[in-house]
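Below is one structure; the comments refer to it alone.
2 protein chains.
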Amino acid sequence: MKTIEELLESKNIRVTAMRLLIYKFLVEKDVAVTLSDIENAFEKSDRTTLYRTIKTFEEKGIVHQIDDGTGITKYALCEKGCNCEIENDLHLHFHCNNCNETVCLTAHKIPQIKVPDGFVAENVNLVVKGICDKCSGH
Amino acid sequence: MKTIEELLESKNIRVTAMRLLIYKFLVEKDVAVTLSDIENAFEKSDRTTLYRTIKTFEEKGIVHQIDDGTGITKYALCEKGCNCEIENDLHLHFHCNNCNETVCLTAHKIPQIKVPDGFVAENVNLVVKGICDKCSGH
DNA sequence: TCATTAATGCACTTCCATTGCATTTGTTTT
DNA sequence: AAAACAAATGCAATGGAAGTGCATTAATGA
Chain P
0 MKTIEELLES KNIRVTAMRL LIYKFLVEKD VAVTLSDIEN AFEKSDRTTL YRTIKTFEEK
60 GIVHQIDDGT GITKYALCEK GCNCEIENDL HLHFHCNNCN ETVCLTAHKI PQIKVPDGFV
120 AENVNLVVKG ICDKCSGH
Chain E
0 MKTIEELLES KNIRVTAMRL LIYKFLVEKD VAVTLSDIEN AFEKSDRTTL YRTIKTFEEK
60 GIVHQIDDGT GITKYALCEK GCNCEIENDL HLHFHCNNCN ETVCLTAHKI PQIKVPDGFV
120 AENVNLVVKG ICDKCSGH
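Keeping their order, the protein sequence lines are chains P and E.
Residue 0 is where the first sequence starts when you use numbering that gives the first Met the number 0, and the numbers rise one by one after that.
Residue 0 is where the second sequence starts when you use numbering that gives the first Met the number 0, and the numbers rise one by one after that.
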């Protein structure tokens with residue numbers, strides 16, 4: 000079990016207090032978060048720092064960006080099965096219309112999508128909307 | 000073959016000069032367009048009018064909104080097969096990373112997506128990114 | 001320790017979506 | 001046809017989020 004410090008270092012990310020806090024925050028939340036979510040979690044934080052920290056995490060492949068259709072970019076930690084930095088990010092995301100939270104359904108891979116002749120698919124973004132397990136009550 | 004006037008009236012949309020122009024513009028473009036695209040097409044237009052016209056079209060079910068991940072909302076005419084006002088909008092969208100255009104692949108229905116127990120799927124948004132037929136050269 | 005490089009914080013800009021309100025246009029009623 | 005009403009339009013302004021420039025601070029390496 001790696002410490003967070005070791006994890007960051009293994010990805011060539013300098014360890015700073017802010018980065019540790021942000022990483023821990025992402026671990027604790029099991030849902031995708033917006034920049035504002037992080038901002039509100041730390042009163043003393045500066046939006047720019049958060050923004051750039053998340054971008055760094057993204058570039059280094061420990062966070063991926065999610066466009067769930069709400070118009071606000073969300074972010075979530077990449078999990079073991081997530082290879083979004085290497086190939087396409089092939090898991091799907093679920094957005095709850097009730098609690099407004101978005102989760103990664105890492106275990107659910109996106110089926111092969113056929114596109115017409117002449118089209119070359121490089122990447123797929125799939126968001127399912129509906130009611131999540133917590134809100135549906137079972 | 001209905002005239003545009005008849006079409007609008009059949010959907011309970013008042014016919015105005017601006018609305019006819021916007022509708023014709025959408026027909027001519029075979030790709031999804033942004034508000035700014037429409038704005039630039041008509042020098043004398045006001046952004047608000049376009050915005051509200053598109054919203055009206057959307058409510059009445061002749062236009063649907065597309066979130067292709069570029070961060071800018073796009074719109075396209077609903078076609079015969081498009082039942083987005085009644086049920087889910089089940090066709091997929093293709094965004095070209097080269098020419099930056101987004102098209103509706105109306106003929107390509109989204110396969111059934113399984114979600115974990117407890118989750119209730121109501122709607123699916125699927126955007127494939129890559130190179131479109133025009134840009135791939137065949 | 002000093003020099004270098006990266007991270008942070010503040011201020012600011014830009015872009016798009018959206019709303020309020022006054023005006024104009026179109027429709028309906030008498 | 002005129003008056004009354006409702007909807008469409010245009011202008012101005014707001015709000016939210018993304019992104020950038022620059023000076024300052026902190027961390028690393030020689």
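Using N, Cα and C, we set each Cβ at its ideal position, and we do this for glycine too.
Item: E/Phe93, DSSP secondary structure in three states; Value: strand
Item: Beta strand (DSSP E) segment containing P/Asn122, residue limits; Value: Val119 to Ile130
Item: E/Val123 versus P/Leu49: straight-line alpha-carbon distance, rounded; Value: 31 Å
Item: Residue interval of the alpha helix (DSSP H) (run including P/Lys140); Value: Only positions 0 to 137 of chain P appear in the structure, and residue 140 of chain P is not among them; the question remains open.
Item: Contact under 8 Å by Cβ, E/Val30 with E/Thr101; Value: yes
Item: First through last residue of the beta strand (DSSP E) which encompasses E/Lys108; Value: Thr101 to Lys108
Item: Cβ-Cβ distance between P/His92 and P/Val126 below 8 Å; Value: yes
Item: Interface partners of P/Leu25 on chain E, CB under 7 Å; Value: What P/Leu25 touches in chain E: nothing, since even the nearest Cβ is about 21 Å away.
Item: Proximity test, Cβ basis, 8 Å: P/Gly60 and chain E; Value: no
Item: Residues from the stretch 64–79 of chain P in contact with chain E, defined by Cβ distance under 7 Å; Value: Asp66 and Gly68
Item: Segment contact flag, the stretch 37–49 of chain E with the stretch 3–14 of chain E, C-beta cutoff 8 Å, min 3 pairs; Value: no
Item: Cβ of P/Lys108 within 8 Å of any chain E Cβ; Value: no
Item: Euclidean distance between Cα positions of E/Thr69 and P/Tyr74; Value: 16 Å
Item: Candidates P/Cys134, P/Lys133, P/Met17 and P/Gly129: closest to P/Asp67 by CA position; Value: P/Gly129
Item: Residues bridged to P/Tyr74 (per DSSP); Value: P/Val32 and P/Gln64
Item: Contact list for P/Glu121 against chain E, beta-carbon separation under 9 Å; Value: Asn96, Val127, Lys128, Gly129 and Ile130
Item: Nonlocal neighbours in the same chain, by C-beta distance under 6 Å from E/Asn96, ignoring five residues either side; Value: Lys128
Item: Under 9 Å by beta carbon: chain P residues contacting E/Leu104; Value: Val114, Pro115 and Phe118
Item: Anticipated Cβ contact below 8 Å, P/His107 with E/Val114, distance rounded; Value: 7 Å
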